[in-house]
Structures are given as structure tokens and as C-alpha cells.
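Participant: Quick one: structure below, then a few questions.
There are 2 protein chains.
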Amino acid sequence: MANQNLYAGLPSAPETDERFDALLTKPGLRIERIISTGQSSPPGFWCDQQEAEWVILLQGAAGLWFAGEDEVRELNPGDWLYIAPHRRHRVEWTEPQTATVWLALYFNET
Amino acid sequence: MANQNLYAGLPSAPETDERFDALLTKPGLRIERIISTGQSSPPGFWCDQQEAEWVILLQGAAGLWFAGEDEVRELNPGDWLYIAPHRRHRVEWTEPQTATVWLALYFNET
Chain A
1 MANQNLYAGL PSAPETDERF DALLTKPGLR IERIISTGQS SPPGFWCDQQ EAEWVILLQG
61 AAGLWFAGED EVRELNPGDW LYIAPHRRHR VEWTEPQTAT VWLALYFNET
Chain B
1001 MANQNLYAGL PSAPETDERF DALLTKPGLR IERIISTGQS SPPGFWCDQQ EAEWVILLQG
1061 AAGLWFAGED EVRELNPGDW LYIAPHRRHR VEWTEPQTAT VWLALYFNET
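Protein chains in written order, with this note's numbering: chain A, 1 to 110; chain B, 1001 to 1110.
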């Protein structure tokens, strides 16, 4: 039986939009693969989520900026973090030439 | 600020026991890093969990056997699967010479 692989079907060239693939969807819980190829948050946009998020970058690299922090955090393969609901953040940059692969878990925090 | 990295502190030589590190613990939800260095399930033992599990192998390799299946599934980096509660399975083998890194998510399935 063939396995499902997180690195299957990655784009070989930059794409216009990020890709979001739901890997598992359960009540109050969602696992997504996100593939970026150079995208970033629009100028002035802050991501402000109702759900909690746990995210790990597994390939590529990205810069993440949290509101109130002085510096953009650089994420490299294996780096993970927990983002509390409504903790505002932006993706400042992702690598333009290679696919950046994120594994993100969204859940309702009680 | 230093990031937390999934590949930090991996053993450089085989260890007696697998390592289990909780990365996030929330009500009804637990994210664990598991590091295997050649361990497998004891003979005749089947893992039968009350919680649902979503697991991805990110480094190394392993053989997973599900009760009722004819063949052991070989997992390689990026391979992921969902294991329903009480779906019996065994780890038949993990690579003896390199650290096998798993990211496992356990949750209550309602």
C-alpha cells in the first residue's frame, strides 16, 4: 500500500499562490500542509487567528514577525512554534527559489 | 530569540530506549517527538491506543505493521498516516544506525 508523503507533488517552480492541503480534518482540529514559493503576507497585514496553531517548517526557510517583537524570526527546517489564538503575526518572507514546506496544526483552544 | 528545533539534541549513537518529548500538551491534544534508534515493539505486542494518532516520520526509516494487513509498511521521510483509536499496530523495526525521528499527534476523537 502506498504511503501518503508530505513531500509529494512539490512545485518545481515558484507559483502565484501558496498551496494549502488539508491532511486531516476532525472536529476542532485540522492538519494542513502549506507550500510557499516566495509568498509573504501583504504589506500591513497581520494574521490574527481564532484558533491556536502549532506549526513546523520542514523544508526551505521563512521569516516570521510577531507583533511587539523587535526582530523577524528566521525559521529553518525543524523549527517549530506554538501561536496562541489572536497572537498577531506576519510572514515577512519565504524562500523564492525552493518550496518551503510547513506542517500546521490548528485547533480550538479551550 | 532561539527557535525550538525538532532535530535538536538527536542521539549520535543507538540508545537503550526510545525517547519521547512532549512538544505541546493541551486538553485532549498532545504533540510528541519520538526518537528511535533501532527499537521495535516487543514480540507479540500490539499497540492499542484509546486516542487517535496522526504520525509522520521525518528522518530515518521504520516498518509498521497493522493487524489484519499482509505486509509491513515501510515508512520513509515525509510518510504520514492516521491511526484510528484501537487500530492495532506494531513497530516491526526502526533503523539501527541513524536516529529515526517521528512527530506524533495524539488527540481525543469525538
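All C-beta atoms in this analysis are idealised placements derived from N, C-alpha and C, irrespective of residue type, glycine included.
Consider the Cβ of A/R73: report whether some Cβ of chain B lies at a distance smaller than 8 Å.
Facilitator: So yes, A/R73 belongs to the interface.
Participant: In terms of residues, what are the limits of the beta strand (DSSP E) holding B/Q1059?
Facilitator: Residues 1052-1059.
Participant: Grouping DSSP H, G and I as helix and E and B as strand, with all else coil, what is B/D1070?
Facilitator: Correct three-state label for B/D1070: coil.
Participant: Is A/T110 close to chain B, meaning its C-beta is less than 8 Å from at least one C-beta of that chain?
Facilitator: So, interface residue.
Participant: Taking 8 Å as the threshold, find out whether the segment 99-109 of chain A comes into contact with the segment 1002-1013 of chain B through three or more Cβ pairs.
Facilitator: No: fewer than three Cβ pairs fall under 8 Å.
Participant: According to DSSP, simplified to helix, strand and coil, what is B/T1100?
Facilitator: B/T1100 falls in the strand class under three-state DSSP.
Participant: Measuring straight from C-alpha to C-alpha, what distance separates A/T123 and A/A61?
Facilitator: Residue coverage of chain A in this structure runs from 1 to 110, which leaves residue 123 of chain A outside it and unanswerable.
Participant: Taking Cβ-Cβ distances shorter than 9 Å, what residues in chain B pair up with A/W46?
Facilitator: Chain B residues near A/W46: none, gap ~19 Å exceeds 9 Å.
Participant: Show which residues of chain B have a CB atom less than 8 Å away from the CB atom of A/D21.
Facilitator: None at all; the shortest Cβ gap to chain B is about 12 Å.
Participant: Per DSSP, A/T37 is paired with what?
Facilitator: DSSP output for A/T37 lists no bridge partner at all.
Participant: Does B/T1025 pass the burial test, meaning 16 or more other C-beta atoms within 10 Å, or should it be called exposed?
Facilitator: B/T1025 is exposed by the Cβ-count criterion.
Participant: Going by DSSP in three states, A/Y7 sits in which element: helix, strand or coil?
Facilitator: Here A/Y7 sits in coil by DSSP.
Participant: Would the segment 1064-1072 of chain B and the segment 1081-1089 of chain B be scored as touching if the rule is three or more Cβ pairs under 8 Å?
Facilitator: Cβ pair count under 8 Å is three or more, so yes.
Participant: So A/L75 packs on A/L58, CB below 8 Å; how close in whole Å?
Facilitator: No, A/L75 and A/L58 are not in contact; Cβ-Cβ is about 10 Å, not under 8 Å.
Participant: On a CA-only basis, which of B/G1028, B/L1010, B/I1035, B/L1029 is nearest B/D1017? Give me that one, please.
Facilitator: Closest option to B/D1017, Cα to Cα, is B/I1035.
Participant: Taking B/E1032 as the reference, give the member of B/V1055, B/P1042, B/S1012 with the closest Cα.
Facilitator: It is B/V1055 whose Cα lies nearest to the Cα of B/E1032.
Participant: Using a Cβ-Cβ distance cut-off of 8 Å, determine whether B/I1031 contacts chain A.
Facilitator: True, the Cβ-Cβ gap to chain A drops below 8 Å.
Participant: Just reading off the beta strand (DSSP E) that A/H89 is part of, what are its end residues?
Facilitator: Residues 89-94.
Participant: Contact criterion: CB-CB distance below 8 Å. Does B/D1079 meet it with respect to chain A?
Facilitator: True, the Cβ-Cβ gap to chain A drops below 8 Å.
Participant: Following the continuous beta strand (DSSP E) through A/F20, name the residue where it begins and the one where it ends.
Facilitator: Here the beta strand (DSSP E) through A/F20 covers 19-26.
Participant: So which residues on chain B does A/P27 lean against when the C-beta distance must stay under 7 Å?
Facilitator: The contacting residues are T1110.
Participant: Looking at the C-beta of A/Q50, does it have a partner C-beta in chain B at a distance below 8 Å?
Facilitator: Taking Cβ atoms only, chain B never reaches closer than 8 Å to A/Q50, which makes this a no.
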